[in-house]
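Numbering (this note's numbering), first residue to last: 312 to 700. A short write-up of the structure that comes next.
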Ligand SMILES: Cc1ncc(COP(=O)(O)O)c(C=O)c1O
């Protein structure tokens with residue numbers, strides 16, 4: 312029996328999504344820009360998806376720009392808003408726990424003359440609104456703060472943060488890649504100007520995403536070419552993937568409450584069970600401000616990579632840090648930004664549950680993990696003693 316507890320890295324494609332994609336791949340081969348019957352059939356497919364995504368986000372269809380995923384959506388808003396910014400507004404502000412899609416893009420923009428300020432987070436992984444207020448000024452073009460964090464699951468007070476950005480005349484973007492399908496998303500209520508999502512995080516296909524951008528917001532396109540997506544993203548649309556994104560959005564909207572209630576009960580049982588059975592274990596990230604499916608825990612004295620491999624050998628898939636940086640032993644920038652020490656950072660494992668997770672999966676982890684931790688702690692003891700001697 313294999314158990315997948317890495318839904319923040321990616322999710323399996325939902326059956327309803329697969330059906331839609333297979334039908335589109337088989338039956339709809341036109342180019343949506345063509346005026347003939349075939350083109351219009353393809354255009355109808357992406358129009359439907361646009362409505363479905365807009366409905367999930369509480370936006371208007373014309374405000375959706377389809378992209379190749381979350382990374383491209385983040386790049387489009389950061390680079391596009393920077394290039395569109397006028398006058399003295401050249402500074403970009405983000406939190407220190409953003410995904411690399413944001414942080415690396417900001418580093419690149421910094422080299423090109425757009426300075427960046429990173430706002431620190433609390434030990435619980437939250438952006439304190441007063442910390443944002445203290446770095447704001449009339450030179451800020453855009454603030455980008457993620458809705459839910461991919462590693463610890465913390466959810467930021469986006470409406471409050473967006474209001475602060477607006478007071479200073481800056482735009483506000485949120486990377487909602489980890490909250491789409493997990494939290495209700497209402498762009499109006501959040502008060503943001505732009506928001507990124509990625510289909511493969513909510514049971515859609517990889518390589519499909521969207522940037523919602525409020526009508527009237529200035530943006531210089533980063534991909535140039537044809538006039539697709541109202542001149543905001545050139546290139547023939549990936550019609551089957553966009554259809555899959557739309558179907559996943561509709562599915563997520565329909566199942567949100569039920570998924571959240573079920574998954575949070577399982578996550579809480581897993582967490583409480585591990586805290587109970589494994590001594591010297593702590594939860595990372597403010598427990599009351601997290602998405603329902605995520606638990607990040609540190610097991611003192613255990614190298615997380617070793618525990619991950621041991622669990623994998625038992626058929627249980629989890630992750631350390633973010634999927635993009637696993638495979639390297641770089642400590643997580645998120646946990647470091649939260650002020651957690653080297654040990655707690657290196658001992659941390661992320662469990663991210665999803666639609667397919669069952670009570671039996673949780674029971675199996677509770678059965679298997681404590682003895683693996685005990686074994687690894689025993690193995691690590693002589694090495695640790697030698698290091699500390
Ligand atoms: C918060 C966040 N933003 C952006 C991305 C990138 O999305 P994609 O994989 O669609 O490029 C991810 C993926 O891990 C993510 O978790």
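The C-beta atom is built at its ideal place from N, Cα and C for all residues, glycine as well.
CB-CB under 6 angstroms to residue i, same chain, minus the five flanking residues each way: which ones, in chain order?
i: residue 490; result: 458, 459
i: residue 396; result: 452
i: residue 636; result: Only weak support is given to the placement of residue 636: the predicted model assigns it a pLDDT of 48, under 50, and the value that follows is read from those uncertain coordinates. Cβ neighbours of residue 636 beyond the five flanking positions: none.
i: residue 684; result: 589, 610, 613
i: residue 383; result: none
i: residue 584; result: 677
So residue i and residue j are in contact, right, with Cβ under 8 angstroms, and what is the actual spacing, rounded?
i: residue 407; j: residue 429; result: 4 angstroms
i: residue 602; j: residue 494; result: 6 angstroms
i: residue 409; j: residue 486; result: 7 angstroms
i: residue 463; j: residue 645; result: 6 angstroms
i: residue 510; j: residue 520; result: 6 angstroms
i: residue 381; j: residue 524; result: Not a contact, Cβ separation roughly 15 angstroms.
i: residue 563; j: residue 667; result: No, residue 563 and residue 667 are not in contact; Cβ-Cβ is about 15 angstroms, not under 8 angstroms.
i: residue 431; j: residue 648; result: 7 angstroms
i: residue 755; j: residue 682; result: The displayed coordinates of the chain run from 312 to 700. Any statement about residue 755 would go beyond what the structure contains.
i: residue 373; j: residue 526; result: 7 angstroms
i: residue 414; j: residue 627; result: Not quite, the Cβ-Cβ distance comes to about 30 angstroms (not below 8 angstroms), so this is no contact.
How many Å lie between residue i and residue j at the Cα?
i: residue 451; j: residue 357; result: 35 angstroms
i: residue 633; j: residue 596; result: For residue 633, the pLDDT reaches just 47, beneath the cut-off of 50, and the residue's location in the model is therefore unreliable, although a value from the coordinates is still provided. Cα-Cα distance, rounded: 15 angstroms.
i: residue 390; j: residue 400; result: 14 angstroms
i: residue 522; j: residue 443; result: 23 angstroms
i: residue 548; j: residue 611; result: 48 angstroms
i: residue 345; j: residue 641; result: 48 angstroms
i: residue 379; j: residue 591; result: 42 angstroms
i: residue 466; j: residue 447; result: 21 angstroms
i: residue 587; j: residue 377; result: 45 angstroms
i: residue 574; j: residue 697; result: 42 angstroms
i: residue 619; j: residue 543; result: 41 angstroms
i: residue 314; j: residue 568; result: 23 angstroms
i: residue 687; j: residue 617; result: 8 angstroms
i: residue 689; j: residue 576; result: 32 angstroms
i: residue 386; j: residue 420; result: 10 angstroms
i: residue 329; j: residue 402; result: 42 angstroms
i: residue 496; j: residue 438; result: 19 angstroms
i: residue 461; j: residue 565; result: 23 angstroms
i: residue 621; j: residue 433; result: 32 angstroms
i: residue 657; j: residue 424; result: 35 angstroms
i: residue 594; j: residue 394; result: 41 angstroms
On the DSSP bridge list, what partners appear for residue i?
i: residue 595; result: 607
i: residue 315; result: 628
i: residue 505; result: 484, 524
i: residue 553; result: Paired residues: none, contrary to the question.
i: residue 376; result: 522
i: residue 466; result: 459
i: residue 429; result: 405
i: residue 491; result: 494
i: residue 601; result: 465
Got a sec? Which residues, its chain only, sit under 8 angstroms from residue i by beta carbon, not counting five neighbours each side?
i: residue 418; result: 427
i: residue 332; result: 324, 516, 551, 552, 554, 555, 558
i: residue 347; result: 341
i: residue 581; result: 606, 662, 664, 673, 676, 677
i: residue 502; result: 469, 470, 473, 474, 477, 483
i: residue 350; result: 341, 342, 343, 344
i: residue 535; result: 545
Please go through the same chain and pick out, in chain order, the residues whose beta-carbon is closer than 7 angstroms to the beta-carbon of residue i, but skip the five residues on each side of it.
i: residue 318; result: 604, 663, 664, 665
i: residue 392; result: 452, 453, 482, 530
i: residue 561; result: 363
i: residue 375; result: 361, 364, 365, 521, 523
i: residue 498; result: 368, 369, 370, 506, 523
i: residue 327; result: 558, 562
Need the endpoints of the alpha helix (DSSP H) that residue i sits in, please.
i: residue 520; result: Note, residue 520: premise wrong, no alpha helix (DSSP H); beta strand (DSSP E) at 520 to 524.
i: residue 441; result: 440 to 446
i: residue 415; result: 411 to 422
i: residue 391; result: 381 to 395
i: residue 540; result: 539 to 542
i: residue 366; result: 348 to 368
i: residue 647; result: 644 to 648
i: residue 589; result: Element bounds for residue 589: n/a, residue is neither H nor E.
i: residue 333; result: 326 to 338
Check the Cβ-Cβ distances between residue i and every residue of chain D, and say whether any is below 8 angstroms.
i: residue 606; result: The chain inventory of the structure shown lacks chain D, comprising one protein chain alone.
Could you spell out the range, first to last residue, of the beta strand (DSSP E) harbouring residue i?
i: residue 663; result: 659 to 663
i: residue 484; result: 482 to 486
i: residue 452; result: 451 to 455
i: residue 404; result: 402 to 406
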